[in-house]
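Following my numbering, the numbering of the sequence shown begins with 1 at its first residue and continues without gaps.
Here a beta-carbon is modelled for each residue, glycine too, at the ideal position from N, C-alpha and C.
These numbers were taken from a predicted model, which means no experiment stands behind them.
Quick notes on the structure that follows.
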Amino acid sequence: MKSSVFWKIKLASIILIVFLVVAAAVIVTTVLLLGIKSSASNSTIQYYDGSFRILNLNYTNDYKDDSSSGYKLLATQLQGLLTSTFENSSLKSQYTKCEVINLRPGSVIVDFVLQFTTTNQGTTFPTTDLVHKIFIENFANSSWSSFMVDAGSFNISSISGSDAYNLLNNVISATAGYNNEYSNTPHK
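As structure tokens, this is what we get:
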């Protein structure tokens, strides 16, 4: 009888230990998930739309169709250059992405949307003047770009999230198929 009581106590101890380990795992997982959700909900997004003229590029019919290979290739190159411009600036911690939304005639005029995110409540978004200054210093005057940009043509303005959504969703995956890591915005 002593051995049966001993095994019951041992079994109860094992069950209690397993229960405590599972409970601890559930608590830790819950705390981690709430922490991630909390930090994500503290982030704020600001959008800017802009345009600039490329002087050494002639507009072609290929650029009318955002699903053409010419459009996709140029849009991907420009997004990469714009991303490099802001990732190599004082805004690198806030810069999230860029999307080219249109190419227009006039040499080539590029329309784009930029996204910046802040996660610290004390951090403010860049002003349009700062975004403009960084663009001029790092992109328009850059020797690593093969594009000759008319610095005076650069326009930038802050837009609402709904305006950005509308602009971005009018682009039907313009750079799909060109490994565009900068664009993870859902498209129609």
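With C-beta atoms as the reference, is residue i less than 8 Å away from residue j?
{"i": "Asp62", "j": "Gly50", "result": "no"}
{"i": "Val108", "j": "Ile156", "result": "no"}
{"i": "Ser145", "j": "Phe154", "result": "no"}
{"i": "Ala164", "j": "Val131", "result": "no"}
{"i": "Ser43", "j": "Thr118", "result": "yes"}
By a C-beta neighbour count over all protein chains shown, 10 Å radius and 16 as the cutoff for buried, is residue i buried or exposed?
{"i": "Ser89", "result": "buried"}
{"i": "Asp65", "result": "exposed"}
{"i": "Asn120", "result": "exposed"}
{"i": "Phe6", "result": "exposed"}
{"i": "Lys72", "result": "buried"}
{"i": "Leu103", "result": "buried"}
{"i": "Ile15", "result": "exposed"}
What is the rounded straight-line gap between the Cα of residue i and the Cα of residue j?
{"i": "Ile36", "j": "Ile159", "result": "Because Ile36 carries a pLDDT of 46, less than 50, the predicted location of this residue cannot be relied on, and no value is offered for it."}
{"i": "Thr124", "j": "Glu87", "result": "17 Å"}
{"i": "Phe116", "j": "Ile101", "result": "17 Å"}
{"i": "Phe19", "j": "Ser3", "result": "24 Å"}
{"i": "Ala75", "j": "Lys133", "result": "22 Å"}
{"i": "Ala151", "j": "Gln46", "result": "23 Å"}
{"i": "Leu81", "j": "Leu57", "result": "16 Å"}
{"i": "Leu167", "j": "Gly161", "result": "10 Å"}
{"i": "Ala23", "j": "Lys8", "result": "22 Å"}
{"i": "Glu137", "j": "Ile27", "result": "50 Å"}
{"i": "Ser68", "j": "Val21", "result": "57 Å"}
{"i": "Ala40", "j": "Gln79", "result": "Residue placement at Ala40 is poorly supported in this model, since its pLDDT is 49, which falls under 50; the coordinates are not used for a value here."}
{"i": "Phe135", "j": "Gln94", "result": "15 Å"}
{"i": "Ala12", "j": "Leu91", "result": "59 Å"}
{"i": "Lys10", "j": "Ile17", "result": "11 Å"}
Between the options, which lies nearest to residue i when the distance is taken from Cα to Cα?
{"i": "Ser84", "options": "Lys72, Cys98, Leu73", "result": "Cys98"}
{"i": "Val110", "options": "Val131, Ala12, Val149", "result": "Val149"}
{"i": "Thr60", "options": "Ile17, Lys10, Gly106", "result": "Gly106"}
{"i": "Asn96", "options": "Phe52, Ser13, Asp129, Tyr48", "result": "According to the sequence as given, residue 96 is Thr; it is not Asn. Selected option, being the one with the closest Cα: Tyr48."}
{"i": "Phe147", "options": "Ser93, Ile14, Gln77", "result": "Gln77"}
For the alpha helix (DSSP H) that residue i lies in, which residues bound it at each end?
{"i": "Glu87", "result": "69-87"}
{"i": "Ile189", "result": "Given a span of 1 to 188 for the chain in the structure shown, any question on residue 189 remains unanswerable."}
What are the boundary residues of the beta strand (DSSP E) that residue i is part of?
{"i": "Asp150", "result": "149-159"}
{"i": "Gln115", "result": "108-118"}
{"i": "Asn102", "result": "95-105"}
{"i": "Ser146", "result": "Note, Ser146: premise wrong, no beta strand (DSSP E); not H, not E."}
Regarding residue i and the ligand HEM, is the C-beta to nearest heavy atom distance less than 7 Å?
{"i": "Trp7", "result": "The model depicted lacks the ligand HEM and carries no ligand whatsoever."}
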